[in-house]
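Please read the structure below before turning to the comments.
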Amino acid sequence: MHTIVLGVIGSDCHAVGNKILEKVFSDAGFKVVNLGVMVSQDEFINAAIETNAKAILVSSLYGQGELDCEGLREKCIERGLDKIILYVGGNLVVGKQDFDYVEKKFKDMGFDRVFKPDVDLIEVTKLLKDDIEQRFGNKDSK
Ligand code: B12
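Its first residue numbered 7, the sequence shown is counted upward by one per residue in my numbering.
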């Protein structure tokens, strides 16, 4: 069973989507470590190290995602999480901006995948299983 870490980054207190993500990913067979809302970059990284997680799924709803997420990939590498998969989703920027532009911005920050709020979460669970298999191989499935 793959362990993943979930949480809502920064000072963001939007709690409902986080609970839905927990349920969908648990039902899909992941071991979910849910840090809830208002999670710092260090809290994500500490939890991922402690639980040997394969992925960190970051939510940001309140529009400050860019500021809150900047530097997360670099910090993961500094702390030895060279291979960890980083996904981010929600209302990532203030207001309505072209999604291709938003996606590029977050990919340039080191996120592997970037999701709109209306993404099909079942599809995301399948993508994540494939991404974990590709990056960590089949055998390493703890
Ligand atoms: C309820 C709500 C609140 C409540 C939150 C209560 C709580 N504790 O949950 C309160 C009143 C506290 C609140 C406050 C604020 N809010 Co508010 N809030 C909402 C509202 C109406 C609904 C949020 C919700 O529960 N949606 C339902 C869940 C199921 O959907 P979701 O959160 O989007 O999550 C799904 C997807 O985004 C996706 N997803 C999320 N993360 C990830 C991650 C990955 C990896 C993947 C794959 C998918 C994914 O999957 C989730 C499940 O389906 C939204 C508007 C809206 N209709 O979304 C505004 C909204 C999010 N809020 C907004 C704002 C601006 C604020 C405030 C800054 C307002 C203010 N000036 O004070 C504050 C911020 C407070 C803070 N520190 O966080 C804006 C954000 C705008 C932006 N990003 O540009 C929104 C969009 C309203 C708007 N149209 O302006 N809010």
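Heads up, the beta-carbon is just placed ideally off N, CA and C, and yes, glycines get one too.
Nothing here was measured: the structure is a model prediction, and the numbers come from that model.
If you drop the 5 nearest sequence neighbours on each side, which residues of the same chain put their C-beta closer than 7 angstroms to that of residue i?
i, result
"residue 45", "13, 14, 15"
"residue 141", "89, 91"
"residue 148", "Reliability fails at residue 148, whose pLDDT of 43 lies under 50, so the model's placement of it is uncertain and no value is given."
"residue 85", "51, 55"
"residue 146", "With a pLDDT of only 48 at residue 146, under 50, the local geometry of the prediction cannot be trusted, and the value read off the model is given with reservation. Within the same chain, residue 146 has no close Cβ partners at all."
"residue 81", "47, 51"
Find the nearest neighbour of residue i within the set the options, judged by alpha-carbon distance.
i, options, result
"residue 69", "131, 123, 100, 30", "100"
"residue 124", "50, 41, 105, 87", "105"
"residue 109", "81, 28, 72, 136", "72"
"residue 83", "34, 65, 74, 47", "47"
"residue 131", "34, 22, 25", "34"
"residue 122", "28, 77, 76, 66", "66"
"residue 113", "22, 28, 75, 21", "75"
"residue 77", "102, 111, 32", "111"
Under 6 angstroms Cβ to Cβ from residue i, same chain only, skipping five residues before and after it: list those, please.
i, result
"residue 30", "127"
"residue 59", "9, 10, 11"
In chain order, what residues of the same chain have a beta carbon less than 8 angstroms from the beta carbon of residue i, not counting five sequence neighbours either side?
i, result
"residue 79", "92, 115, 116, 117"
"residue 61", "8, 10, 11, 90, 91, 92, 93, 134, 137, 138"
"residue 26", "127"
"residue 21", "14, 42, 43"
"residue 28", "12, 38, 40"
"residue 32", "38"
Do the CB positions of residue i and residue j come within less than 9 angstroms of each other?
i, j, result
"residue 18", "residue 43", "yes"
"residue 7", "residue 36", "yes"
"residue 63", "residue 53", "no"
"residue 120", "residue 98", "yes"
"residue 143", "residue 23", "no"
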